[in-house]
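> One structure is given below, represented as C-alpha cells, and several questions about it will come after.
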Amino acid sequence: MTKLYVATGAKGQVRKDSRWPAALSLAAGLALLGAVVGGLVVGWDVEAGGGLTQGELPATAAVMHGPMRGGSPVYPEQDLPLRFNHGQHLALKIACTTCHTKVRGSTQTADFNFPTGAACDGCHGPQHPRPASEPARCDMCHTRVTQAPAPTGTVMRVAATVRAPKANLSFSHKRHLDLGTKCETCHGDMSKVRLATVLQLPAEKTCLDCHNGLKASDRCGTCHPSDGSGKIVTRSFSDRVMPQLVPRGQSSWGAAHDLAFVEDHRGQAKSNPQLCAQCHDESFCTDCHAGAVRPMRIHSGDYLTTHALDARAQTQDCQSCHRVQTDCLACHQRVGLDNRGSDAKFGVGSPLRFHPPGWDGPPSAPQSHAFAAQRNIMACASCHTEDSCLACHATTRGATPGLNVSPHGPDFAGSLRCSSLAAHNHRVCLKCHAPGDPRNECL
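Note that the sequence shown covers residues 12 to 454 in my numbering.
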C-alpha cells in the first residue's frame, strides 16, 4: 500500500490517518501535497499493510525543492566573527543607542545598525583608524585575526568581518522608537546575552502582541513583503536558495502549516478566509476542491438547511464558489422562495411572506429593508435582481423608469461621498439617473 506523509525535519511525526486513495498516483500525490502544504518537504513510504511509519527524507527532496540556505525565510543566516558581551555592557549602565548610534534614524531593514568601530573607540581607545603610536588590539573584539610579517615586526589584520544580510521585512526602528517602544520589548532581556544573534531578533509572537488589529495593523503585508496583487511573497524570486515562508508555531492565528494542517485547514479557512487570502488566491482552493482530488462538497451534509444563517450573517464569501444571481436565485425560484408573483409560495399576493410587515412602504414610512441592504446586499441578491431596486429608486426618466424614490440621505448631491462615488465610476449613477439629470452632475 502506498502512503504519503509530510515532514519538517530529518524525521517527522506522521499522522496515522494521512492516507490517500490508491487511485491517486504517487507523482500526483507529491505534487498535491507540495502545493497544499506550501513548502513542507513531502516524503513517501511504501509498506505492505499496517499503519504509517516514520522515515527519512526521500532522495527526491533536493530535486523537488532544490538546495536551501541556512537560517529562516525572514532572518537569513548571519556570520558574526566577534567577541562581545551585552550583559557586561548593560551592567555598566551603557544605553543601547551609545553603541547602536544609527538605530534612532533607521527606517528600513537594509540599514546597517551594528555598532561601528568608531563607536567602540569612544571607550576602548582609538583603533578605527589606529594611530601609529597605538598598539593594535584587533583580537579584543574580532575572532578571525591574522598576523603577517612586516619590516617593523608583525602586523595584525582582521581576516573576516560581520556578514548580516538584511531581514526580509518592512520595518522602521525610528517609527517604533518614536511611539515609545523599548528595545527590550522586541529583543528581550539582553542583560543575559553575550553575543546577539538572530535568536534575539523579534519572533512572530512578539510582533502579534501589538499587531493584533487594535493597537496596530494585523495585516501580514504590514511587515512581510508582498507582490503587486497584494499577496505575501512566500518565495524569493531573486534568491532561490532562500527558505520558503510558511506559517509556523502557535502564534500564527491557528493557521500553523504543520503536519495536520493539510487535513484540518477547513476550520481555519471558514472562520478566517481573509487570512488565507493574504497568501493564496481562489485557484489554490479550486485546484484541489474541483472534484478530481477532493470532493466538490466542502459544506456539511445538512448545510442546505442551515446555509441561510451564514448567508445573512456574511460569515463566508459565498461568491468564492457560487454565482449569486444564478446558483442562489435559480434554486430559490424552483422552490418558491422568491417574489415572482402570486404563484410563488412566498411571493406577493401569497399568504406566506418572507419579509415581515413594514419591510418596505411609502417614502415617509420606516424602511427596514434599507438597513439590510446596506449591511449585506448579497443576501438581497440571492432572491432579487437589480430591477427590484430600480422599480422604486430609479428616476421616472431613467433607462429603467422607477418611482423617483431617492435612497440617499439629505444633502447627498453636494457631499464628498457623492463626488467620490461619481469620480470612481460615474456609469453606476446612470442606473437610476437619466443623462442630463442635474442631480447626476456633481463632478
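We treat Cβ as the ideally placed atom computed from N, Cα and C, and that holds for glycine. Predicted model only: the values in this text are computed from it and were never measured.
Output the boundary residues of the alpha helix (DSSP H) element that contains Met389.
Here the alpha helix (DSSP H) through Met389 covers 388-392.
> Do Pro92 and Ala147 have their beta-carbon atoms positioned less than 8 Å apart in this structure?
no
> Measuring straight from C-alpha to C-alpha, what distance separates Asp313 and Ser431?
CA-to-CA, the gap between Asp313 and Ser431 works out to about 44 Å.
> Look at the alpha carbon of Lys242 and the alpha carbon of Leu286, and state the distance between them as a whole number of angstroms.
11 Å
> Do you know how far the Cα of Gly347 is from the Cα of Ser353?
Caution is warranted here: a pLDDT of 44 is assigned to Ser353, below 50, making its placement in the model unreliable, and the coordinate value is therefore given only provisionally. The alpha-carbon atoms of Ser353 and Gly347 are separated by roughly 10 Å.
> Quick one: grab the DSSP three-state call for His153.
In this structure, His153 counts as strand in the three-state DSSP scheme.
> Which same chain residues, not among the five before or five after Gln330, have their C-beta less than 8 Å away from its C-beta?
Cβ within range, chain order: Met389.
> For Pro436, tell me which candidate among Cys453, Asp422, Pro421 has the shortest Cα-Cα distance.
For clarity, residue 436 is Asn in the given sequence; the question names Pro instead. For Asn436, the nearest C-alpha among the options comes from Cys453.
> By the three-class DSSP mapping on this structure, what secondary structure does Ala46 have?
Any reading at Ala46 must be qualified, since the residue scores a pLDDT of 37, below 50, and its modelled position is unreliable; the value itself is stated next. Reduced to three states, the DSSP call for Ala46 is helix.
> In the structure shown, what three-state DSSP assignment does Leu427 receive?
helix
> For Arg184, I'd like the list of residues in its chain whose CB is within less than 6 Å of its CB, leaving aside the five on either flank, ordered along the chain.
For the record, residue 184 in the displayed sequence is His; it is not Arg. If we look at His184 and ignore the five residues flanking it on each side, its Cβ neighbours are Val114, Ser117.
> Would DSSP call Thr108 helix, strand or coil?
helix
> State the start and end residues of the unbroken alpha helix (DSSP H) segment that holds Gly447.
Unbroken run through Gly447: none, as it is neither H nor E.
> Throw me the rounded Cβ distance for the His97 and Arg205 pair, which I believe falls under 8 Å.
Rounded to the nearest angstrom, the Cβ distance from His97 to Arg205 is 7 Å, consistent with a contact under 8 Å.
> Provide the residue span of the alpha helix (DSSP H) that contains Arg345, from first to last.
340-345
> Hey, Glu88 and Arg80: beta-carbon distance below 8 Å or not?
yes
> Would you mind working out which of Ser181, Pro377, Asn387 sits nearest Leu320, comparing C-alpha positions?
Asn387
> Tell me Pro160's beta-bridge partners as DSSP assigns them.
In DSSP, Pro160 forms a bridge with Thr165.
> Bridge partners of Ile243, per DSSP?
Ser237
> Should Met253 go down as buried or exposed, given a rule of 16 or more other Cβ atoms within 10 Å for buried?
buried
> If you draw a straight line from the C-alpha of Cys231 to the C-alpha of Ser282, how long is it?
17 Å
> Opposite Gly6 in the DSSP bridges: which residues?
As shown, the chain starts at 12 and ends at 454. That puts residue 6 outside it, with no answer to give.
> Classify Leu414 as helix, strand or coil using the three-state DSSP reduction.
coil
> Please state if the CB of Cys152 and the CB of Cys134 are separated by a distance shorter than 8 Å.
no
> Between Ala433 and Arg408, how many whole angstroms is the CB-CB distance? I'm expecting something under 8 Å.
Actually they are not in contact, since the Cβ atoms of Ala433 and Arg408 sit about 19 Å apart, beyond 8 Å.
> Does the pairing of the segment 192-201 with the segment 236-250 give three or more beta-carbon distances under 8 Å?
no
> Taking only the alpha-carbon atoms, compute the straight-line gap between Cys400 and Leu188 and give it to the nearest angstrom.
52 Å
> Which term fits Asp328, buried or exposed, when burial requires 16 or more other beta carbons within 10 angstroms of its beta carbon?
Asp328 is exposed by the Cβ-count criterion.
> Between the beta-carbon of Cys299 and the beta-carbon of Thr245, is there less than 8 Å?
no
> What would DSSP say about Arg115, mapped onto helix, strand or coil?
helix
> Which of helix, strand or coil does DSSP assign to Arg438?
helix
> Near Gly6, which residues of its chain fall below 6 Å by C-beta distance, leaving aside the five closest residues on each side in sequence?
What is shown of the chain runs 12 to 454, which leaves residue 6 out entirely.
> Taking Cβ to Cβ, would you say Cys403 is nearer than 8 Å to Leu414?
In this structure, Leu414 lies closer than 8 Å to Cys403 by Cβ.
> Does DSSP put Arg277 in a helix, a strand or coil?
helix
> Sort Leu219, Cys221, Glu397, Cys197 by Cα distance to Leu210 and report the nearest one.
Cys197
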